[in-house]
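What follows is a set of notes on a single structure, which appears directly below.
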Amino acid sequence: MALTGIQIYKFLPKTNCKECDFPTCLAFAMKLAASAVELSACPYVTDEGKQALAAASKPPIRLVTIGAGEKKIEVGNETVMFRHEKTFVHPTALVVRVKDTASADDLAKTVEEVSGYSVDRVGMTFGLDGIAIQNESGDAAAFAKCVETVSSKTDLPLILMSTDPASMSAALGKVGDAKPAIYAATKDNIDEMIELAKKSGCPLAVRSSDGLNELAELTEKAAQAGVGDLILDPGVRDLAETLVTLTQIRRLALAKRFEPVGYPVITFPGEGASSLDEEAVLAAQHVAKYGSIVVIDRFSPALVLALITLRLNLYTDPQKPIQMKPGLYQVGEPKPESPLCVTTNFSLTYFSIAGELESAGWPSWLLVCDTEGLSVLTAWSAGKFDADKIAKTVKGENVAEKVSHKNVILPGGVAVLRGELEEELPDWKIMVGPREAMAVGGYLKENWQK
Amino acid sequence: MPDVEIPIEKWTGKVKEVKLGGGGRKEVVVGGEVTLPFLAFEGSNPNLPRIAIEIHDKEPAAWPASLLAAWGDAVKDPGTWAKKAVEFGAEIICLKLLSAHPEGGDTGAAEAKAVVDKVLSAVDLPLIVLGPGVAEKDNDILPAASDAAKGQRIALGNCEEKNYRTIGAVCLSDGHIAIAKTPLDINLCKQLNIMLSDLGVPADSILMDPDTGALGYGIEYGYSINERLRLAALGGDAMTSFPIINHAGGEVWRQKEAKASEGVPDAWGNPEERGVLFEEITTSTVINAGCDIVVMCHPKAIERVKATIDKLAGK
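Quick note, the sequences are listed as chains A and L, same order.
For reference, each letter of the first sequence is one residue, going 394 to 843 in the numbering used here.
For reference, each letter of the second sequence is one residue, going 14 to 328 in the numbering used here.
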C-alpha cells in the first residue's frame, strides 16, 4: 500500500527550503505520493527517513527477473486482486518443461519448437517465455549435460529443476551468466540451495510440502540469508486447492503486506492433470488467478495459442480497450475500384475483418469509425456506431478521393442502419455484408463485381 | 517463526437463489453464493454452477463440421437433440428458437409452441427458452412458448431494454424466470434488473445475462463484468444479486479459432483440439469469475468443464 502525502511528510525535514523545486515540503510529499518525483530530489532527508520511506514504498509483491538477455522474464509487482481495479502488471510467463531423460532428438525438437513458437494477435507477435529443465534422471552429470544442450539451442530464459544441490551446482556451472531460476529449495535442502543462489545471483524458487506456514518459514530463512529474489511454489496442484491457496497468497501479500509471501508464484498445471484438456483448464485458471509463471508439460500449439490469448485478454488495461486509430485503411493493395467495408475501431474487430479480406484474396478499403474501441454490436447498442457516425466518417476521411465507386458495405450485425444511412448518404449504394467476418470472402464473391 | 493468518472477507450480501423446473420436471437451484467462486475457506456456497446445453429448433447452419459431427443427426430434430444433450451431461436444456428470426425462416407463435412442447415431452430437465433476439419477434413467439411450459418454471429470454415489459409480464403471469440481457455494461445490467423488479418480477425469478465475448474476442469484458457483479452482490447491492448466465460456449463457436480448419498459421495447432480447448477455457474462465449457468456446445468440452466444476467444489 503506497503511503499518503501526509505520511511521507512526517519523514521530510519540514524546512520548506524549496531546493526540490517545490514551494513546500508538503507539496513535495504530495508529488512523492503520486510517484511524480524521486525522493532523491530532497537533499536533506535523513538516512532514517530514507529507510523508512523505502520500506513503506516497497512493492507488496517483489519484482523477480529470470534470465539475462532481451527475452528475460519479469514477474511480480502486482497490486490488485481483480483486473477491473487496475491493470495486472506483468503478464504470466508461459514456460514449457523438458526432462533430462528425453532422447537427444526429442529434446532438440521440443526446444526448437518452443523457442520458435510465434503467433500474431491484434497486430502483435507473441511467443513462449522460457524452458524449464527437470532433473528427472536424478543424475548430476546427465542434468548438467542436458542444461548445456538446451542453453546452447535457445535464447529463452531457463528454470533449472532439481532438488539435489549437487545436480543444481553442476547445471549452474554450464549456463554462464544466463541467470536461470533455481527450482527448488525445500525444507530438506534449503541451506545448500541458498548458498547456490547467493553464489550464482540467480532467483530461487521455494517449494513447500506443507502449506503456507512452511512456505513462509522457508522464504524468511532465504531472505535473512540475503536471497531476496524468490519465487513461491506452495506445493498445491489441484484446481480447488490452487485457487484457494493462490488467492490467499495474493491477499496476504496485498491486504496484509505479509512479506514472507510477497513474491511471484510458479505453478505446474501438468502435475495436476491427466490429459491435455485438464492441463489446459488448470493453466487457464492460473493465468487468471494469480499464477506468475505457469510451467506447461503437454506442449501443444493449440493450447499455447489459447493461453497466450487468455493472458493477452486478461492483462489488457480494463479502462482502455485495444483500439485502432480511426481512418481509411488499406488491406493489401486496393485499387480505386476495390470493395469498401465499414467497421469499428475495436482492434479485434478490425483484425478479424482485415484478416479475412486478406486471406480471401480481396484487396480492400476498410473504413474504421471511432466507436471508442467497442465492437460492432456493442458500439451499436451503446449508440456509438450509427448512421450519422458512419456518414460523417465517409465524408471526413475523403473516401471519394481514393475510391472510384459509390458502394459501401456495412457489417451484417448492423443491417438495421441501412435505411438511415441511405438518407445520410444519398449518392451511395449501401450494401449489407455478412454478420461474421469469416463469411466476407464468400459474400464478396457473390455480391461484388471484381 | 512466521504465523500465517489467512485474511477472510466478511461479505454482507448474498446472491438470490433461483429455482428452475418443478411441476413434474427436475429441479435445479442456482445462486445463493455467500462468497466468491469456490473459496470454501471463507464461506459455503450452497449451489454449484450448472451446465446448460444449447440446442436449436433447426439444424445450425453456422456451426463448423467438427461440432456438428460431435452431435450427429441429433441436430436435425430438437427432441432428439435434447435427449442426446441429457446423455452428454446437460443439467439444463437451453432451446434457441432461431427459426423465428425474420431472416432465418420467420416462423411464428404456433411453431414456437410446438417445438417447446416437443422438447418438454422429450426430456425432464429444466428448460431455458430463447427467442431469436429480435425484439418484435420475441414478443410475438415467447408468450406462446411460455404458455406451453406453464407451471414448469422455465427461464425465458431475452428481456432486453426494448421488450422487457412484454417478456417480463409473460414470465410473471406464467410463473417463469426472466432472463435480463444487457450488452457488456454493468450499469445497464443493474438498470434492467431494477426495471424488471419494478414491473413486479420477484427476486427469485430473475437471471442476469450480462453478455460475454469468447476467448480472443472480448472474454475480458465478460470476465470483469461477472466479477464486478458478484462483488457488488456480496457487498450488499440487491439489484446485482441475481444468478449469472453466460452463453460462453456459443460465442466460441462463432469465431475463427474454433471454426477454421485450414488457411490459418501452423502455430494455431490442431483445429479440432483448438475448438474444444477454446470452449473449455472460455467457459471455465467465466465460471471462475462468477457464472452460475454456463451454456455450452461441444460434448467433449462439456465433459471436461463438468469435471472441472466438481473438482473446484472438492468432489
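Glycine is no exception: its CB is placed at the ideal position from the N, C-alpha and C atoms.
These numbers come from a predicted model, not from an experiment.
- Pairwise C-beta distances place the region 506-515 of chain A out of contact with the region 469-480 of chain A, as fewer than three of them are shorter than 8 Å.
- Contacts between L/Asp279 and chain A, judged by CB atoms closer than 8 Å, involve Pro694 in chain order.
- Comparing C-alpha distances from A/Phe778 to each of A/Pro756, A/Val801, A/Thr737, A/Gly805 shows the shortest one belongs to A/Thr737.
- In terms of CA proximity to L/Ile207, L/Met252 leads the group L/Met252, L/Ile219, L/Ala246.
- Look at A/Phe778: its C-beta is not under 9 Å from any C-beta on chain L.
- Taking 8 Å as the upper bound for CB-CB distance, A/Trp758 and A/Lys795 are in contact here, some 7 Å apart.
- The three-state secondary structure of L/Gly35, taken from DSSP, is strand.
- Neighbours of A/Asn840 across chain L, judged by C-beta separation under 8 Å, do not exist; the nearest C-beta is about 16 Å away.
- The shortest C-alpha to C-alpha distance from A/Gln716 to any of A/Ala699, A/Phe744, A/Pro694 is the one to A/Phe744.
- Contact between the region 596-604 of chain A and the region 642-654 of chain A is absent: fewer than 3 CB-CB pairs across the two stretches fall below 8 Å.
- Within chain L, no C-beta atom comes nearer than 9 Å to that of A/Met517; the closest sits roughly 13 Å away.
- Where L/Cys107 is concerned, there is no enclosing alpha helix (DSSP H), although the beta strand (DSSP E) around it starts and stops at 105-109.
- Taking a beta-carbon distance threshold of 9 Å, A/Leu549 does not count as an interface residue toward chain L.
- In the three-state reduction of the DSSP assignment, A/Ala681 falls in the helix class.
- Taken in chain order, the members of the region 702-726 of chain A whose beta-carbon sits within less than 9 Å of a beta-carbon on chain L are Thr702, Leu703, Leu705, Asn706, Leu707, Tyr708, Thr709, Pro711, Pro714.
- In this structure, A/Val674 lies near A/Leu632, with their beta-carbon atoms less than 9 Å apart.
- Taking a 10 Å sphere around the C-beta of A/Met517, we find fewer than 16 other C-beta atoms and assign the residue as exposed.
- Just measuring C-alpha positions, the residue of A/Met554, A/Ile659, A/Val482 sitting nearest A/Asn706 is A/Val482.
- Assigned with DSSP and collapsed to three states, A/Phe744 falls in helix.
- Minimum Cα-Cα distance from L/Glu40 among the listed residues L/Ala74, L/Ile68, L/Leu155, L/Arg166 corresponds to L/Arg166.
- No Cβ of chain L is located within less than 9 Å of the beta carbon of A/Glu541.
- With its beta carbon less than 9 Å from one in chain L, A/His477 belongs to the interface.
- If you draw a straight line from the Cα of L/Ala314 to the Cα of L/Val265, it comes to about 11 Å.
- With a contact defined as Cβ atoms closer than 8 Å, L/Ala261 and L/Val299 qualify at about 5 Å.
- Residue pairing of A/Glu467 in beta bridges, as defined by DSSP: A/Thr458.
- Residue environment: L/Glu149 is assigned as exposed (fewer than 16 neighbouring CB atoms within 10 Å of its CB, all protein chains considered).
- Closest by C-alpha distance to A/Val489, out of A/Ala449, A/Met554, A/Gly805, is A/Met554.
- Pairing A/Gly776 with L/Pro196, the inter-Cα distance amounts to about 12 Å.
- At a cut-off of 9 Å between beta-carbon atoms, L/Pro284 makes contact with chain A.
- When 7 Å is used as the limit between beta carbons, A/Tyr510 is near these residues of chain L: Ala280, in chain order.
- Contact of A/Glu505 with chain L by beta-carbon distance below 7 Å is absent, the smallest such distance being about 13 Å.
- In summary, A/Asp499 is exposed, with fewer than 16 beta-carbon neighbours lying within 10 Å of its beta-carbon over all protein chains present.
- When Cβ-Cβ separations below 9 Å define contact, L/Val289 makes contact with chain A.
- Take A/Ser731, set aside five residues on each side of it, and the residues of its chain with a beta-carbon closer than 8 Å to its own are Trp755, Pro756, Ser757, Trp758, Val796, in chain order.
- Relative to A/Ala534, the option among A/Ala564, A/Asp522, A/Thr786, A/Ile526 whose CA is nearest is A/Ala564.
- Sequence-distant Cβ neighbours of L/Leu212 in its own chain, meaning closer than 8 Å and more than five residues away, are Tyr177, Arg178, Gly181, Ala182, Leu185.
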